[in-house]
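A.B. asks: First, the structure itself, so that you have it in front of you.
Numbering (the numbering used here), first residue to last: 17 to 177.
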């Protein structure tokens, strides 16, 4: 049995069919992939179960684990996990779209409420100006009447003198 790792030293153990794992330290935040192979394939060929991230945008702990190719049940579980991950991804996309739509609708609602308040303010201003206009017209007509009375009085005085 061979063990191939990103930690192995490619210069060591190339003879007897087994590789030694180096004791080199790998930072904790770097992922390490270890692949096991039971056949005598060359070291240059990637192992069969070295599956890249199926859903790169999915969090690491939610990624489907590579199946055991010898187990039908493992393959089925992997397929189901992939389907669930795909559904999860679709739901997350839909949630993001719905949240964006919610923002748009809230912005429209805010704008409509502002316009409603503006319309109410304009209606109050219109009512006040209409009342002021009515009052001014009444005052004008009273002034016109008073002016007419004063003319008549002035003409009577002019005529009597």
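C-beta: ideal position from N, C-alpha, C; glycine also.
Pull up the distance between the alpha-carbon of residue 163 and that of residue 150, whole angstroms please.
C.D. replies: Between residue 163 and residue 150, the C-alpha separation is close to 20 Å.
A.B. asks: Please classify residue 83: is it buried, with 16 or more other beta-carbons within 10 angstroms of its beta-carbon, or exposed?
C.D. replies: That one is buried.
A.B. asks: Report yes or no: do three or more beta-carbon pairs, one from the stretch 118 to 126 and one from the stretch 89 to 105, lie closer than 8 Å?
C.D. replies: Cβ pair count under 8 Å is below three, so no.
A.B. asks: Pick out whichever of 94, 88 and 85 has its Cα sitting closest to the Cα of residue 79.
C.D. replies: That would be 94, whose Cα lies nearest to the Cα of residue 79.
A.B. asks: Once DSSP output is grouped into helix, strand and coil, what is the label at residue 94?
C.D. replies: In this structure, residue 94 counts as helix in the three-state DSSP scheme.
A.B. asks: Could you give the DSSP three-state label for residue 126: helix, strand or coil?
C.D. replies: Residue state, collapsed to three classes: helix.
A.B. asks: Does DSSP put residue 159 in a helix, a strand or coil?
C.D. replies: In the structure shown, residue 159 sits in a helix (DSSP, three-state: H, G or I).
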